[in-house]
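Beneath this line is the structure, given in structure tokens, with notes to follow.
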Amino acid sequence: MSAHRWIVFLACFTLFIQAALETSAGQEIEPMKSDVGSCYPFLKSLADHSPLSLSLLTRPWGDLEKWRTEGRARMFELLEYNPPPVPFEAVVLESRQKDGYTRQLVRYAVAPGRWTEAFLLIPDGLKGPAPAVIALHDHGGYYYYGKEKITETEISTPSLQEHIAESYQGQCFADQLVRRGYVVLVPDCFYFGSQRLAPDEVAAPFPDSLKGLTPGEDAFIREFNAFASRHESLMAKTFFMSGTTWPGVMFQDDRASLSYLLSRSEVDPERVGCMGLSIGGFRSAHLFGLDSRIKAGVVAGWMTTYADLLFDHLRNHTWMLYIPRQYAFLDLPDVVGLNAPQPLLVVNCSKDQLFTLDGMRAAEKKIQGIYTHFGAPDRFRCNFYDVPHCLNQQMQQDAFEWLDTNLKNSR
């Protein structure tokens, strides 16, 4: 560039910067507004004054086992769902030989009158009981499929493949685990996959948008996902009015699935972990915290303090999360800490639109405090990745290595 052109460029650039500064100086920056407007100060004050009476961090607990017992008992009371146990009556619906493992499609009872389907992945050549992982699928606004979102299948539906690409960088982590020698169970969560709503049994006009579409085709699946999303609020109202909670049903189903996994002769019951992203991470956090049969956990894309969601982040979340009155007793980090000092890895995305960075950091500090109380700060790890909400291949690899260290190499 010639000297003359360089001078002209600098002059123009200076004028541009000056104009931009004058424009911004003349404008008032509008203060951020809460999603609940003038109600926010009142609701925030309630959260700020919550006693969190069963938190390990709010008062001295001389007996840590007493704290664990009381915390779990309170959570089960708040979840309001404790069906009697039922026989699994398990059926293998399909079995496929894959490269290095067998994939079974199984169906079993999770509660009286209710069943779920799951993929069971079994490594070839097992010489005895092996370590196992219950792999928990995400929400992602994708209800038509559940277990298929984290397991390699023959389904080529574009919307499913797009979801796997966006959420998992195209890599289904259940199959990666079985290739590492784990027995893996991938159950459908309530309201997803084999447990999804049957639209032809839903009163009009709710499912009318599906008319004229062919079930199973991609256009139908995309519209079904939109329909199921719209219907969540009515489902939540119905849950609460019936005297139970959506998380109560979801978590109990996962515990029943864990029981089924442990019933398998291929599984070493002392080396069982859980792993999931998004609502799969939420499920993993509670399965880990509420069930001592889990010996190592990975919680991805779902860790925060609840108070940090109140200002403007609850808009991004599903109706499947809410446990009335829980925050009077326990925050989410307290719940996941109920299984300390069992090894726990939390995987956070620093650009995650579902949470504030402050909330993720505060949760990390709380969990670290709980593990320090147990004299085992090194058995908790929290990794941050400079990415939006996902569980990409590098994040998966780090999680696999954590599970290997704590479920394979611990013996």
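Counting in the numbering used here, the final residue of the sequence shown is number 444, and the numbers go up one at a time with none missing.
Built from N, CA and C at the ideal position, the CB exists for glycine as well.
Practice task
Would you list the residues sitting across from CYS415 in a DSSP beta bridge?
Solution key: VAL379
Practice task
May I have the straight-line CA-CA distance separating GLN447 from GLU113, to the nearest angstrom?
Solution key: Outside the shown range of the chain (34 to 444) lies residue 447, about which nothing can therefore be said.
Exercise for the section: May I ask which residues mark the beginning and end of the beta strand (DSSP E) holding GLU303? Expected result: 300-310
Exercise for the section: Determine the direct distance from the alpha carbon of TYR201 to that of GLN426, and round the result to whole angstroms. Expected result: 7 Å
Exercise for the section: Using beta-carbon positions only, say whether TYR175 and TYR293 come within less than 8 Å of one another. Expected result: no
Exercise for the section: Flag this pair as yes or no: are the beta carbons of LEU305 and PRO162 separated by less than 8 Å? Expected result: In the sequence as displayed, the identity of residue 305 is Val instead of Leu. In this structure, PRO162 does not lie closer than 8 Å to VAL305 by Cβ.
Handout entry: Residue nearest to TYR177 in terms of C-alpha spacing, selected from THR190, ALA168 and PHE109
Key = THR190
Exercise for the section: Would you check if the distance between the CB atom of PHE260 and the CB atom of VAL219 is smaller than 8 Å? Expected result: no
Handout entry: Helix, strand or coil at LEU323 [DSSP, three-state]
Key = helix
Practice task
Output the distance between the C-alpha atoms of THR56 and ASP68, rounded to the nearest integer angstrom.
Solution key: For THR56, the predicted structure reports a pLDDT of 44, less than 50, and the residue's modelled location is therefore unreliable. A value from the coordinates is still provided. So the two alpha carbons sit approximately 29 Å from each other.
Practice task
Give the DSSP bridge partners of LEU154, in chain order.
Solution key: ARG136 and VAL217
Practice task
For the region 399-407 and the region 368-380, state whether three or more C-beta atom pairs, one from each stretch, are separated by less than 8 Å.
Solution key: yes
Handout entry: Buried/exposed call for LEU378, threshold 16 Cβ in 10 Å
Key = buried
Practice task
Can you have a look at LYS328 and say buried or exposed, based on whether 16 or more other CB atoms are within 10 angstroms of its CB?
Solution key: buried
Practice task
Quick one: grab the DSSP three-state call for LYS131.
Solution key: strand
Problem - Own chain residues within Cβ distance below 7 Å of PRO240, not counting five before or after - result: PRO232 and PHE260
Exercise for the section: Keeping to the same chain, check which residues put their C-beta closer than 7 Å to that of ILE188; ignore five residues upstream and five downstream. Expected result: GLU181
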